[in-house]
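There are 2 protein chains.
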Amino acid sequence: MSAPDRWVRFETAGEGPRYGFVSGESIVPIAGDLFGEWRRAGEPLPLAGARLLAPVIPPTFYACGINYEGHWRTAAEEFGLDLQRTWPRSPEIGYRAQSAIVGPGDAIVLPSDVPPNVQVEGELAVVIGKRAKHVSAAEASEYIFGYTICNDVSARGWQFQDRTFWRAKNSDTFKPLGPWIQRGVDLASLVTRVSVNGEVRETFRTANMIHSIADYIAAMTRYITLVPGDVIIMGTDGHCPQIQAGDTVSIEIEGIGALTNPVIRSDAP
Amino acid sequence: MSAPDRWVRFETAGEGPRYGFVSGESIVPIAGDLFGEWRRAGEPLPLAGARLLAPVIPPTFYACGINYEGHWRTAAEEFGLDLQRTWPRSPEIGYRAQSAIVGPGDAIVLPSDVPPNVQVEGELAVVIGKRAKHVSAAEASEYIFGYTICNDVSARGWQFQDRTFWRAKNSDTFKPLGPWIQRGVDLASLVTRVSVNGEVRETFRTANMIHSIADYIAAMTRYITLVPGDVIIMGTDGHCPQIQAGDTVSIEIEGIGALTNPVIRSDAP
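Which chain is which? The protein sequence lines are E and Y, in order.
If you read the first sequence in the numbering used here, its first letter stands for residue 5, the second for the next number, and so on.
If you read the second sequence in the numbering used here, its first letter stands for residue 5, the second for the next number, and so on.
Structure (structure tokens):
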């Protein structure tokens, strides 16, 4: 058997989260370390109807911020930002919070007092497979295990009003991740599509980044050790569609899959 | 036996990290969940000479930023910041990176190209013990498992030059944490002392915060679910001593302990 290309984290009644790989219409459960030694463990189960979870909870959750020219321009115009100051001169990494992660199909829950302009950012998520320090851009791809999709949900009112991104980008459920980790992806050919209620609202070439994944990994690992399971979300392009309770938002990246989440409003005061 | 007050995470030759509690001059190893069900497991070993690790790797690592009036004033003056804009009007939380955490005694490794002004920030670290959402300030203490100490090492050159705190505060080894988790602490009586090479350089009342721990937990859990093991570092007061390779820095909080780390320079280019 060749190495599996599609890895899921999933849950069945009465058992905690497990990993498995997709084979045809089935999930083949594994035991051991997804990033190291593993073996088949247990009977295959149908992929359809399985409860998929965020495919990884990263030890550290990295985010590129503005990393596409189209988003840089539209964000600056929409929010009245200074174009020069907003331009990402170099691949400086930011962070997101593990506490905000949910899986495919999970609800994005809008806090009752969130300002009206909540937007979705469809982003490629890189999953690191090997410990990496002082890695060159030329070697960077060897340290990537695979790719998944992140919706970097952003409450713009809070984003520009608060000192940090705590509730703007890291409120509970604001970081859907999934649906799985895909290996063997041809980055150059990827296209990202962001849809709300089935209507495509933004389409962009996924690889059209200001700073490439390899450049980010090289810059980051000069100072930071990446470890297996770390996730880097690569930014979004163009205009970010607004969402509200009742919507369903889907981010599809051809060759990876689609991350789909309903939007509801919290009933907590 | 009454509930243990001092918890360590430690490592012995040939075994991975384990938890234990301190009893007299010994560590009593446990199996199970520090924050839930646990039992004694194995023979006690001497505390002296044990290799202590960072006492917890938080699922999410929270940081208050400026949270003492003295540090607000000195930082604004030293770095030419606007006093009004820097004042933390409300308890908005920030983040630090798990990747930067090291334990007591581990070296703080200065990257070869770090700008000269690297400073230490001595901070109380709150360790969460129970899942917390929509918790009031009055109830907040019930969700705290105990306290440890963090050195929020900060490369000021990068802090004010970069768009994020990635290498300024999150370079590898820049977040020493430890030496243990202390329970049964009287917060009101705590005093923090920051020493470099044995000389006390800053002393402050630990509880003299702008926004209290309870206020932070109440504000955070309006939007964010805290889980057992999460860490919140509470900020520092006064002036932050500068460090360089060859120094040894120690942060002592009376009633908790002392977190001591040598400073070296990376030999990587």
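Heads up, the beta-carbon is just placed ideally off N, CA and C, and yes, glycines get one too.
Below-8 Å beta-carbon distance, residue i vs any chain A residue
| i | result |
| --- | --- |
| W170/Y | Note that chain A does not occur in the displayed structure, where the protein chains are E and Y. |
Residue i - partner residues in DSSP beta bridges
| i | result |
| --- | --- |
| G274/E | There is no way to answer for residue 274/E, as the model of chain E reaches only from 5 to 273. |
| K134/Y | Per DSSP, none; premise fails for K134/Y. |
| W11/Y | F25/Y and I185/Y |
| F65/E | V235/E |
| L49/Y | I31/Y |
| R55/E | E15/E |
| P266/Y | T252/Y |
| Y151/Y | V130/Y and Q186/Y |
| G261/Y | I257/Y |
| E203/Y | V200/Y |
| P180/Y | V106/Y |
Cβ of residue i within 8 Å of any chain Y Cβ
| i | result |
| --- | --- |
| M262/E | For the record, residue 262/E in the displayed sequence is Ala; it is not Met. No, A262/E lies away from the interface with chain Y (no Cβ there is under 8 Å from its Cβ). |
| P115/E | yes |
| H138/E | yes |
| T210/E | no |
Residue i at chain E interface by Cβ criterion, 8 Å
| i | result |
| --- | --- |
| P63/Y | yes |
| A272/Y | yes |
| D219/Y | no |
| E96/Y | yes |
| D176/Y | yes |
| I112/Y | no |
Residue i, DSSP secondary structure in three states
| i | result |
| --- | --- |
| F169/E | coil |
| S175/Y | coil |
| A192/E | helix |
| A159/E | strand |
| G74/Y | helix |
| A3/E | Missing from the structure shown is residue 3/E; chain E here goes from 5 to 273 and no further. |
| L87/E | helix |
Can you list, in chain order, the residues of the stretch 98–109 of chain Y whose Cβ is nearer than 9 Å to any Cβ on chain E? Contacts with chain E (Cβ-Cβ distance below 9 Å) from the stretch 98–109 of chain Y involve G98, Y99, R100, A101, Q102, S103 and A104, listed in chain order.
Would you list, in sequence order, the uninterrupted alpha helix (DSSP H) runs of no fewer than 4 residues that lie entirely inside the stretch 89–148 of chain E? If only complete runs of 4 or more residues are kept, the stretch 89–148 of chain E shows no alpha helix (DSSP H) anywhere.
Taking beta-carbon pairs under 8 Å, can you tell me which members of the stretch 147–172 of chain Y lie near chain E? Taking a C-beta cut-off of 8 Å against chain E, the contacting residues of the stretch 147–172 of chain Y are D166, R167, T168, W170 and R171, listed in chain order.
I'd like the ranges of any alpha helix (DSSP H) spanning at least 4 consecutive residues and lying wholly in the stretch 206–255 of chain E. Counting only runs of 4 or more, we get 217–224.
Proximal residues, the stretch 228–249 of chain E versus chain Y, C-beta separation under 8 Å: Answer in chain order: I228, T229, L230, V231 and D234.
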